[in-house]
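Start counting the sequence shown at 962; every next residue gets the next number (my numbering). We treat Cβ as the ideally placed atom computed from N, Cα and C, and that holds for glycine.
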Amino acid sequence: MSAYSSSSNEDDMILNSFVSDASTSESFNDEENFSSSEDKGLRRNLSRSQNFVEIIVPSYNQNQFKKHFRISRTTFNHVINLISLRNVLPSSAAGRKNVSCEKG
């Protein structure tokens, strides 16, 4: 039995909250990136840390994880499980390659 015994309605509320927050944040960031490179007609490539999620994040203890992500690792894993099972993330044939739930 799962550490969480929530109803389907509660799970739906959690998923809707995360998906709408992610959409709002993504939309804001896209607008910001688009407007800054709009004059050139190019998409701006940002420098990013390589393998941060695979190497650094797993080394965080419970307190560090919660401090950085403002959610416990247990709750995060529960949400990832819900997202994965229900396939609520949008898929796109165009643009950048989709990122897995765990890495997203």
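Helix, strand or coil at residue i [DSSP, three-state]
i, result
"residue 1027", "helix"
"residue 1041", "helix"
"residue 970", "helix"
"residue 956", "This structure does not reach residue 956, given that the chain is present from 962 up to 1065, and the question cannot be answered."
"residue 1007", "coil"
"residue 1033", "coil"
"residue 1014", "helix"
Own chain residues within Cβ distance below 7 angstroms of residue i, not counting five before or after
i, result
"residue 1025", "none"
"residue 1015", "none"
"residue 972", "1043"
"residue 1038", "none"
Straight-line gap, residue i to residue j (C-alpha atoms, nearest Å)
i, j, result
"residue 1046", "residue 1003", "36 angstroms"
"residue 1012", "residue 1036", "22 angstroms"
"residue 1005", "residue 1029", "26 angstroms"
"residue 1018", "residue 969", "29 angstroms"
"residue 1031", "residue 1008", "24 angstroms"
Residue i and residue j closer than 8 angstroms at C-beta
i, j, result
"residue 1020", "residue 1027", "no"
Other residues of its chain near residue i: CB distance less than 8 angstroms, five sequence neighbours each side excluded
i, result
"residue 1023", "1033 and 1034"
"residue 998", "Caution is warranted here: a pLDDT of 49 is assigned to residue 998, below 50, making its placement in the model unreliable, and no coordinate value can be reported."
Residues near residue i in its chain [Cβ-Cβ closer than 6 angstroms; skip 5 each side]
i, result
"residue 1058", "none"
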